[in-house]
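Trainee: Quick one: structure below, then a few questions.
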Amino acid sequence: MKVVILDDAANVAKYGAGIFLDQLAKKPDSVFGLATGSTPLSLYRELIDSNHRGEVSFAGVKTFNLDEYMDLAPEHPQSYRHFMNREFFDHIDINPDNTRVPPGDAANPLVACREYEAAIRDAGGIDIQLLGIGRNGHIGFNEPTSCLSSRTRVKTLTRETIEDNARFFREGEFQPQLSITMGIGTIMEARLVVLLATGRSKAKAIRAMVEGPVSAWCPASALQMHPATVVIVDEDAASELTDPAFFKHIEAQNQALLARLQGQA
Ligand code: F6R
915 MKVVILDDAA NVAKYGAGIF LDQLAKKPDS VFGLATGSTP LSLYRELIDS NHRGEVSFAG
975 VKTFNLDEYM DLAPEHPQSY RHFMNREFFD HIDINPDNTR VPPGDAANPL VACREYEAAI
1035 RDAGGIDIQL LGIGRNGHIG FNEPTSCLSS RTRVKTLTRE TIEDNARFFR EGEFQPQLSI
1095 TMGIGTIMEA RLVVLLATGR SKAKAIRAMV EGPVSAWCPA SALQMHPATV VIVDEDAASE
1155 LTDPAFFKHI EAQNQALLAR LQGQA
């Protein structure tokens, strides 16, 4: 697990976007796993700006979102499909048919989960999976107690997650208690995982993920076993790490090595 600690949220977004842009330069028909939530918004903005400047195209890209609320139609303003269209897809040159979000309104969610897994496989697997992290260490909607080898399935949301997301729903409005989410096993098959976290409210989860035991109580800790995960955090989210200075030192060494190799090329 590579941990990159940057000054602020804006730099987290820029660094994360840079990884996607490099990937697109190498493979224009990349497959991206995407996340909703507040954290990736600035990264999406970076990618949109880059697309508008003509530096990059998403015309060949396929995407799979991590999760969706059960029992919300795609048109519902709080659905993750609606969020993705509004915040990202509607602003780039991607083919909408190549964007997938788990169908929260599927007649048979169990079949829909199997079909989602099959679609990821048929696309050749995910090149980069973007993640945020919940205060309780969830990734996607894999809440604490999730099986670390789980596949796309229906998952019950914890009270904490429901409370965290209540801000998006009007008073008295139906708020889903269930979700469809990629499993931890599904996420672990992505070739590269990029996890972003900003703000002090994420500091405990980041510490548990990076330093804690690999445990179903912190689903993100499974990423300790992933061969290529980059965790990009701001100072606040890094504030509970035992030795942030060491991660900064490693990153400085990595950058120096990169510059040396580029000099040789
Ligand atoms: C979103 C998702 C969630 C969020 C997490 C953090 O698709 O799967 O795991 O990444 O809840 O949310 P924010 O970024 O709003 O703090």
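To convert, take the position in the sequence shown, counting from 1, and add 914; that gives the numbering used here. For every residue, glycine included, the Cβ atom is placed at its ideal position computed from N, Cα and C. If you're wondering where the values come from, they're calculated on a predicted model, not measured in any experiment.
Taking the Cβ atom as the reference point for each residue, do Thr950 and Phe1003 lie within a distance shorter than 8 Å?
Mentor: Against a cut-off of 8 Å, the Cβ pair of Phe1003 and Thr950 comes out as no contact.
Trainee: What do you reckon, are the CB atoms on Leu1071 and Gln1091 nearer than 8 Å?
Mentor: Yes, Cβ-Cβ distance for Leu1071 and Gln1091 is below 8 Å.
Trainee: Tell me whether Ser1093 sits in a helix, a strand or coil according to DSSP, three-state version.
Mentor: The answer is strand: DSSP assigns Ser1093 an E or B state.
Trainee: Let me have the residue list for the ligand F6R: C-beta closer than 5 Å to any non-hydrogen atom, ordered along the chain.
Mentor: Working through the chain, the matches are Ala949, Thr950, Gly951, Ser952, Thr953, Leu980, Asp981, Gly1046, Gly1048, Gly1054.
Trainee: At what residue ranges does the stretch 948 to 1035 contain a whole run of the beta strand (DSSP E), taking only runs of 3 or more?
Mentor: Here the runs fully enclosed are 976 to 979, 981 to 983.
Trainee: Report all residues from its chain with a CB closer than 8 Å to the CB of Ala931; omit the five preceding and five following residues, and keep chain order.
Mentor: Counting only Cβ-Cβ distances below 8 Å, and skipping sequence neighbours, we find Leu957, Glu960, Leu961, Ser964.
Trainee: Please tell me whether Leu935 and Val975 are closer than 8 Å, where the distance is taken between their beta carbons.
Mentor: Result no, Cβ atoms of Leu935 and Val975 do not sit closer than 8 Å.
Trainee: Just list the beta strand (DSSP E) runs in the stretch 1065 to 1113, keeping only unbroken ones of 3 residues or longer that don't cross its boundaries, in chain order.
Mentor: Correct list: 1067 to 1070, 1092 to 1095, 1106 to 1111.
Trainee: Among residues of its own chain, excluding the 5 on either side of Glu1074, which ones have a beta-carbon nearer than 6 Å to its beta-carbon?
Mentor: Hits under 6 Å: Asn1050.
Trainee: How far does the alpha helix (DSSP H) with Asp936 in it extend, from its first residue to its last?
Mentor: Taken as a continuous stretch (DSSP letters only), the alpha helix (DSSP H) holding Asp936 covers 923 to 940.
Trainee: Are Val918 and Tyr929 closer than 8 Å when you measure CB to CB?
Mentor: Contact: yes.
Trainee: In the structure shown, what three-state DSSP assignment does Asn1056 receive?
Mentor: If DSSP states are grouped into helix, strand and coil, Asn1056 belongs with the strands.
Trainee: Hey, how far is the Cα of Gln1169 from the Cα of Val945?
Mentor: So the two alpha carbons sit approximately 26 Å from each other.
Trainee: Over what stretch of residues does the beta strand (DSSP E) that includes Ile919 continue unbroken?
Mentor: It spans 916 to 920 - the beta strand (DSSP E) in which Ile919 sits, taken as one unbroken run.
Trainee: Using C-beta distances below 6 Å, list every residue in its chain close to Ser1135, excluding the 5 sequence neighbours before and after it, in chain order.
Mentor: The answer, listed in chain order, is Met1123, Gly1126, Val1128, Ser1129.
Trainee: Assign Ser1129 to one of three DSSP states: helix, strand, or coil.
Mentor: Reduced to three states, the DSSP call for Ser1129 is strand.
Trainee: Is DSSP giving Ile1164 helix, strand or coil here?
Mentor: Helix at Ile1164.
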